[in-house]
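Residue numbers for the sequence shown follow numbering that gives the first Met the number 0, beginning at 0 and rising by one.
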Amino acid sequence: MIKEHLNQPIRLPSSDLRIDNEIYRMLLDQSGAYIFVKNMKGEYVYVNRLTMKLFNRDMKDIIGHDDSAFFDLDVSADIRNNDRRVLESGETVIEEETNIIRETGETRVYQSVKKPIYNNQGKIIGLYGISTDITEIHTLREKLKKLAKTDALTQSLNRQAYHECIEKALALHNRYDTPFSLILFDIDDFKTINDTYGHDAGDAVLRQMAQLVRSQIRTTDSLFRMGGEEFLILLSNTSLNE
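Below, the structure written as structure tokens:
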């Protein structure tokens, strides 16, 4: 029953999208989410208190403006594209939106849910959105992704990352004939180093080797530790002749 209720379209008796009920306004202002309503032109007709704080403006300075007044051109274009999907097709859009706030220059990531608003005749007259700041979650997720592809000892990319990178390199080669080269190498007599000086010394050698190689290759190239003392370099856009 609850699910069916949530899936019902919102219908307003008036086409101007006014929100006059003070009880609803109070509830929206107490919300920990950014809540807003836009008309068919993408202009704000209502924002809650948290959204006003985000834009660092009063309601009167937000109403009637679209996102280009608050975000840079690329960000506002992305937001507008998502809005069009709602306004033109009536679909519910759930997207992660990376926004650069013009007032502060700060980059934040939001999980946004946008749904159409209908009048009594069943015509779409705008949309409402609820956005939650997930910047910290997004940052943590990206760090975990990086850790999953990084060799803890040498800070080189690991074998998992190699498989992903080689697939991309092969795809570029097959589609655009973009060349790439691989260099596989290891450390001679590494076992002797471990046996003679201990594993701590061996680990230090591996770290120094990785640092040395990274200092010599281009930023577009990648160093992988394939296991043990074996390393591999992926040279992007590089033929064997080079």
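Backbone N, C-alpha and C fix where the C-beta goes; we use that ideal spot for every residue, glycine too.
Excluding the 5 residues flanking it on each side, Phe70 has same chain C-beta neighbours closer than 8 Å at Ile78, Asn98, Ile99, Ile100 and Arg101, in chain order. When DSSP assignments are scanned along the segment 127-154, the uninterrupted stretches of alpha helix (DSSP H) that are 4 or more residues long and fall wholly within it turn out to be 134-147. Around the C-beta of Thr153, 16 or more other C-beta atoms lie within 10 Å, and the residue is accordingly described as buried.
Rounded to whole angstroms, Arg224 and Thr149 show a C-alpha spacing of 9 Å. Counting only the Cα atoms, Gly226 lies some 56 Å from Ile116.
Put simply, the segment 122-142 touches the segment 32-39. At least three CB pairs are less than 8 Å apart. Asp188 and Leu146 have their C-alpha atoms spaced approximately 29 Å apart. In the three-state DSSP reduction, Met225 falls in the strand class (E or B).
Under DSSP, the beta-bridge partners assigned to Arg107 are Asn98. For the options Gln215, Gly104, Leu233 and Tyr23, the alpha carbon positioned closest to that of Glu163 is the one of Leu233.
Partner residues in the beta bridge of Ile93, as assigned by DSSP, are Val112. By the neighbour-count definition (other C-beta atoms within 10 Å, threshold 16), Thr50 is a buried residue. Ranked by Cα distance from Ser235, the options Pro178, Val46, Arg206 and His198 are led by Pro178.
When the beta-carbon positions are compared, Gln110 and Ser130 come within less than 8 Å of each other.
Secondary structure of Ser235 (DSSP, three-state): strand.
DSSP, read as helix, strand or coil, puts Gly125 in strand.
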